[in-house]
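Comments concern the structure below.
Chains as they are written, first to last, in this note's numbering: chain A, 408 to 661; chain B, -13 to 294.
If you want it as structure tokens, here you go:
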């Protein structure tokens, strides 16, 4: 089975700083693979091994993100045999349909594949829609919140999807696009050997020729105003401190 | 009004009164698209919509199969907003609809505002670090929205016209089986008191201690993302945060949670926040009304004793 795992490179949100005017400074944040895409890479690695197939990774974004050799190696140390990149500085990809159109075009450029895997949502925008949009654009079956994948035959997968109140098992004809839930696995930490091998794996630059007009525009992006809290803090875990907490709870009526 | 037409698409009848009331304030015409037979649709005739279009999903089928006919229905209007219930099926429908309508999805919208006749959607980005305000530039827009964003009306009235959807579902995926989830459903959204457990908990067995505290306080137990996702000590439905459940209890007692923005975004609507953490510098103390800097393994048993 030929698997393609999509992964987004994002600034580490824990290192984003907030400026006095409540705007964000992402310039100093290090890059990381979007957290939930690690689940997609892990699922692809497992499925490729089980089906005797291969996995390629695909990422789309600006040169400042994708020309970083450390991040390329990070992606390639997680089970992908090769990395396909669409480097695009002309678009901001702040709208998920725009991103999905670029991914669909890249998949057409790659040509053949059986399974396309996406994470639940990206660490930065977390729209949870891109995978569904990619599959729909390509007129392929799509499933979101996938919590289990098994190869049923050469041309079908048995997919477990966990909804709010039920779990369904689906027979999905291939090729198909699946968005995996973060519950599907615990991404493994790359071994020394995998990290060593990553640097030698091929990186392919794809060019796509696709109309990628955005359909939404950002009017404002600001850090939320800190909610006022009383911040009565006591240091200590002795009887006195616990009494103070119990007194506080009583005073508040609990 | 800012918009001529809003289509509410929901796999859950329960949200209709709230969504219709919210949509009515923004648009001249509100159509609800629901999944079930005509009789079920007619039970909701007074939900507040002008029209109810029902998609008769068969036993083997799923709401998602109706994305193309729903898009065709929306396209009868030259401009429209589609408001989809933010469930897993809802998000699948929203993604498909956005492709058929050639527009973006703005997901998990937490506020809608109108300025100069334009509609702005507000949503959280970068794991809670910022709130983004966006508007659609295309003729159509698709948003996903959860219950609790609009004011639910005390009582509903209305007499919607009930019609079947035109067009056939497409079903590329066969369902082999469906089973109800086994895990007991916890309704943290409705909970008045919550114990919030974080990575400071050393072992799964120690959840018992937290449950005992919950018992004396008559509270539910929830957790932070790593406790559910990495340790798998609690079901995923129990984790609070921007990407998890967003709660608004009267009291939340936060145990061993550092207080990253992701998590704070899920609990900051709580009326009173009490934090217990060993690390004096943990950001949770800035977001708490009362904080104890100390060992939860000493504090919690002693607190249980005092409250019992």
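Just so you know, even glycine gets a beta-carbon here, dropped at the ideal spot from N, CA and C.
These figures come from a predicted structure and were not determined experimentally.
List, in order along the chain, the chain B residues whose C-beta lies closer than 7 Å to that of residue i?
i, result
"residue 584 of chain A", "Those do not exist, as residue 584 of chain A stays about 10 Å from chain B at its closest Cβ, beyond 7 Å."
"residue 533 of chain A", "229"
"residue 571 of chain A", "73 and 74"
"residue 422 of chain A", "In chain order: nothing, as chain B lies at least about 10 Å away."
"residue 475 of chain A", "What residue 475 of chain A touches in chain B: nothing, since even the nearest Cβ is about 19 Å away."
Under 7 Å between C-beta atoms, does residue i make it to chain A?
i, result
"residue 112 of chain B", "yes"
"residue 190 of chain B", "no"
"residue 227 of chain B", "no"
"residue 238 of chain B", "no"
"residue 116 of chain B", "yes"
"residue 34 of chain B", "no"
"residue 97 of chain B", "no"
"residue 93 of chain B", "yes"
"residue 173 of chain B", "no"
Within the same chain, show all residues whose beta-carbon is closer than 8 Å to that of residue i, passing over the 5 residues directly before and after it, in chain order.
i, result
"residue 2 of chain B", "-6, -4, 18, 20, 30, 33, 34 and 35"
"residue 425 of chain A", "431, 432 and 630"
"residue 616 of chain A", "512"
"residue 215 of chain B", "222 and 225"
"residue 317 of chain B", "Lying outside -13 to 294, the shown extent of chain B, residue 317 of chain B is not represented and no answer is given."
"residue 474 of chain A", "494"
Counting only Cβ pairs nearer than 8 Å, list the residues of chain A close to residue i.
i, result
"residue 216 of chain B", "593"
"residue 293 of chain B", "653 and 656"
"residue 10 of chain B", "None at all; the shortest Cβ gap to chain A is about 24 Å."
Consult DSSP for residue i and reduce its assignment to one of helix, strand or coil.
i, result
"residue 530 of chain A", "coil"
"residue 115 of chain B", "coil"
"residue -1 of chain B", "helix"
"residue 314 of chain B", "Residue coverage of chain B in this structure runs from -13 to 294, which leaves residue 314 of chain B outside it and unanswerable."
"residue 558 of chain A", "strand"
"residue 444 of chain A", "helix"
"residue 500 of chain A", "coil"
"residue 460 of chain A", "coil"
"residue 175 of chain B", "coil"
"residue 127 of chain B", "strand"
"residue 51 of chain B", "helix"
"residue 69 of chain B", "strand"
"residue 283 of chain B", "helix"
"residue 424 of chain A", "strand"
Residues of chain B with CB under 9 Å from residue i, in chain order?
i, result
"residue 581 of chain A", "Those within 9 Å of residue 581 of chain A in chain B number zero; the least Cβ separation is about 11 Å."
Excluding the five sequence neighbours on either side, which residues of its own chain have a C-beta within less than 6 Å of the C-beta of residue i, listed in chain order?
i, result
"residue 418 of chain A", "433 and 436"
"residue 468 of chain A", "416"
"residue 8 of chain B", "136"
"residue 445 of chain A", "594"
"residue 226 of chain B", "208, 233, 252 and 253"
"residue 93 of chain B", "130"
"residue 42 of chain B", "23"
"residue 269 of chain B", "245"
"residue 584 of chain A", "523, 538, 541, 542, 547 and 549"
"residue 14 of chain B", "-13 and -10"
"residue 148 of chain B", "27, 28 and 38"
For residue i, go through chain A and note every residue whose CB falls closer than 7 Å to its CB, in chain order.
i, result
"residue 124 of chain B", "622"
"residue 40 of chain B", "Within 7 Å Cβ-Cβ: nothing; residue 40 of chain B doesn't reach chain A, min ~21 Å."
Hey, is residue i's beta-carbon within less than 7 Å of any beta-carbon in chain B?
i, result
"residue 596 of chain A", "no"
"residue 539 of chain A", "yes"
"residue 653 of chain A", "yes"
"residue 632 of chain A", "no"
"residue 626 of chain A", "yes"
"residue 554 of chain A", "no"
"residue 523 of chain A", "no"
"residue 576 of chain A", "yes"
"residue 536 of chain A", "yes"
"residue 590 of chain A", "yes"
Which residues in chain A sit within 9 Å of residue i, going by Cβ to Cβ distance?
i, result
"residue 279 of chain B", "640, 641, 642, 643, 644 and 648"
"residue 45 of chain B", "By Cβ distance, chain A contributes nothing, its closest Cβ being about 13 Å from residue 45 of chain B, past 9 Å."
Which residues in the same chain have their Cβ closer than 7 Å to the Cβ of residue i, if we skip the five residues on either side of it in sequence?
i, result
"residue 156 of chain B", "51 and 54"
Give the residues of chain B in contact with residue i, contact being defined as C-beta atoms less than 8 Å apart.
i, result
"residue 441 of chain A", "Chain B residues near residue 441 of chain A: none, gap ~11 Å exceeds 8 Å."
"residue 548 of chain A", "158 and 159"
Within the present structure, is the beta-carbon of residue i separated from the nearest heavy atom of the ligand GDP by less than 6 Å?
i, result
"residue 7 of chain B", "Questions concerning the ligand GDP fall outside what the structure shown contains, since it holds no ligand whatsoever."
### Message
For the region 141 to 167 of chain B, list every residue whose C-beta sits within 7 Å of some C-beta in chain A, in sequence order.
### Response
158, 159, 160, 161, 162, 163, 164, 165, 166 and 167
### Task
Pull out every residue of the region 51 to 74 of chain B whose Cβ sits closer than 7 Å to any Cβ of chain A, in chain order.
73 and 74
### Proximal residues, the region 483 to 506 of chain A versus chain B, C-beta separation under 9 Å
501, 502, 503, 504 and 505
### Query
Between the region 440 to 471 of chain A and chain B, which residues of the former have a C-beta closer than 8 Å to a C-beta of the latter?
none
### Task
Could you run through the region 75 to 88 of chain B and flag, in chain order, every residue whose CB is less than 8 Å away from some CB of chain A?
75, 77, 78, 80, 81, 82, 84, 85, 86 and 88
### Query
Using Cβ-Cβ distances below 9 Å, what residues of the region 256 to 267 of chain B are close to chain A?
257, 258, 259, 260, 261, 262, 264 and 266
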